[in-house]
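K.L.:
Pasting in a structure now, in structure tokens, and then I'll have a few things to ask.
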Amino acid sequence: MEKQEFFEISEKVFTENGIAEFWQGEKKELFYDLCNIMLEQNKVMNLSAIRDEKGVICRHFADSLTIAKHIPNGAKILDVGSGGGMPTLPLAIARPDVKITSLDSTAKKMAYVLATAQKLGLSGVSVLSGRAEELGCDPKYREKYDVVCARAVAELRVLAEWCVPFCKKGGLFISMKGKNGENELKDAQNAIKTLLISLENDDVFSLFDSSVTDEADAKRHIFVFRKTAPTPPKYPRKNAQIQKKPL
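Under the numbering used here, the first residue of the sequence shown carries the number 42, and numbering increases by one thereafter.
The following block contains the structure:
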């Protein structure tokens, strides 16, 4: 795709999704470069099932940036289950005021995220390779982040146990969910109570994406939880327990 066409599509998608403020100046070039790097690397690594520019713009860049308005200025963020760097890399472009650590169990993907951030000059990005349920017990990382976010990693009650221990008291846990978000929220009520978080915002909207033919597939929930007290020491449990007996 030629740069001008990429710019025109991106401007429309960002505007339709209420994130036009992030489509300006040098950020346009950075998004263009990130898209090209990602699609090229995707030929040799399984970063994403999305393999065209328009899909990247809509379902990676725009989708990732829908949480930007919920993130406080200067926040220290942990992106759990970041995979190929979503939402880490788009957020780092859009919000240079924040510091983002990308966490994933696949070291190869974290090496890609770090190398890409360095190519793009995104100095606020760092990476961490390991399992969330193990690192969440480590005093080096436990309750050290202002915001912990995750995008389509696991069902909410499982995801919360992985993510909340990393979050500071008073900080935010932000979960990005699709059309099943409402049901997941109902199932997660015990986890919410047990992990000492409270729901501050359920931001419901439809992602503007012309490639989506079923309106339900465009539905999004952004759940913003506030951590009201330190996580009880017994959490997170070992992954086998989390999966076998979710909170």
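No residue lacks a Cβ here, since even glycine has one placed at the ideal position from N, Cα and C.
Report, in whole angstroms, the separation of the C-beta atoms of Asp120 and Ser143, which I expect to be a contact under 8 Å.
P.N.:
As a first step, residue 120 is located in the sequence shown; it is residue number 79 there, counting from the start. As a first step, residue 143 is located in the sequence shown; it is residue number 102 there, counting from the start. Yes, they are in contact, since the Cβ atoms of Asp120 and Ser143 sit about 5 Å apart, within 8 Å.
K.L.:
Would you call the stretch 102-117 and the stretch 85-94 touching, i.e. three or more CB-CB distances under 8 Å?
P.N.:
Touching, no, given that fewer than three Cβ pairs across the two stretches are closer than 8 Å.
K.L.:
Which residue marks the beginning of the alpha helix (DSSP H) containing Ile134, and which one marks its end?
P.N.:
As a first step, residue 134 is located in the sequence shown; it is residue number 93 there, counting from the start. Ile134 -> alpha helix (DSSP H) spans Thr129 to Ala135.
K.L.:
Considering only C-alpha positions, which residue in the set Pro131, Asp179 and Lys185 is nearest to Gly165?
P.N.:
Position 124 of the sequence shown holds residue 165. For Gly165, the nearest C-alpha among the options comes from Pro131.
K.L.:
Can you name the residues that DSSP bridges to Ile141?
P.N.:
For the purposes of this step, residue 141 is identified with residue 100 of the sequence shown, where counting begins at 1. Note: Ile141 sits in a beta bridge opposite Ile118 and Val166.
K.L.:
Applying the criterion that 16 or more other CB atoms from any shown protein chain within 10 Å of the CB defines a buried residue, is Lys268 buried or exposed?
P.N.:
Reading the sequence shown from its first residue, position 227 is the one you call residue 268. Counting Cβ neighbours within 10 Å, Lys268 comes out buried, since at least 16 surround it.
K.L.:
Assign Cys178 to one of three DSSP states: helix, strand, or coil.
P.N.:
If you number the sequence shown from 1, residue 178 lands on position 137. Coil, per DSSP.
K.L.:
Assign Pro277 to one of two classes, buried (16 or more other C-beta atoms within 10 Å of its C-beta) or exposed (fewer than that).
P.N.:
For the purposes of this step, residue 277 is taken as the residue at position 236 of the sequence shown. Looking at its Cβ environment, which holds 16 or more other Cβ atoms inside 10 Å, Pro277 is buried.
K.L.:
Across which residues does DSSP place Tyr276 in a beta bridge pair?
P.N.:
Position 235 of the sequence shown holds residue 276. In DSSP, Tyr276 forms no bridge with anything.
K.L.:
Give the straight-line distance between the Cα atoms of Lys210 and Phe55, rounded to the nearest whole angstrom.
P.N.:
Walking along the sequence shown from the start, residue 210 turns up at place 169. Walking along the sequence shown from the start, residue 55 turns up at place 14. In a straight line, the C-alpha of Lys210 is about 33 Å away from that of Phe55.
K.L.:
As a quick exercise: from Ala229, Ala158, Val154 and Asn242, pick the residue whose alpha carbon is nearest that of Ile215.
P.N.:
Looking up residue 215 in the sequence shown gives position 174. Closest by alpha carbon: Asn242.
K.L.:
How many angstroms separate the CA atom of Phe264 from the CA atom of Ala152?
P.N.:
Residue numbering aside, residue 264 sits at position 223 when the sequence shown is read from its first letter. Residue numbering aside, residue 152 sits at position 111 when the sequence shown is read from its first letter. Cα-Cα distance, rounded: 29 Å.
K.L.:
According to DSSP, is Ala191 part of a helix, a strand, or is it coil?
P.N.:
Taking the sequence shown and counting its residues from 1, one reaches residue 191 at position 150. Correct three-state label for Ala191: strand.
K.L.:
Pop quiz: Leu71 and Ile134 are said to be a contact at Cβ under 8 Å. What is the actual Cβ separation, rounded to whole angstroms?
P.N.:
Here residue 71 refers to the residue found at position 30 of the sequence shown. Here residue 134 refers to the residue found at position 93 of the sequence shown. Their Cβ separation, rounded to whole angstroms, is 5 Å, which keeps Leu71 and Ile134 in contact under 8 Å.
K.L.:
Would you mind working out which of Lys84, Leu197, Ser123 and Ala195 sits nearest Val168, comparing C-alpha positions?
P.N.:
The residue you call residue 168 lines up with position 127 of the sequence shown. The shortest C-alpha separation from Val168 is found at Ser123.
K.L.:
Figure out for me which residue from Ala195, Glu52 and Leu176 has the closest Cα to the Cα of Ala61.
P.N.:
The residue you call residue 61 lines up with position 20 of the sequence shown. Residue Glu52 is the option with its Cα nearest to Ala61.
K.L.:
Between Arg172 and the rest of its own chain, which residues show a CB-CB distance below 6 Å, the 5 nearest in sequence each way excluded?
P.N.:
Counted from its first residue, the sequence shown places residue 172 at position 131. Excluding residues within five positions, the ones whose Cβ falls inside 6 Å are Ser146.
K.L.:
By Cβ distance, which residues of its chain are closer than 6 Å to Ser170, with the 5 residues on each side in sequence left out?
P.N.:
Here residue 170 refers to the residue found at position 129 when the sequence shown is read from its first residue. Here the set comprises Ala148 and Met151.
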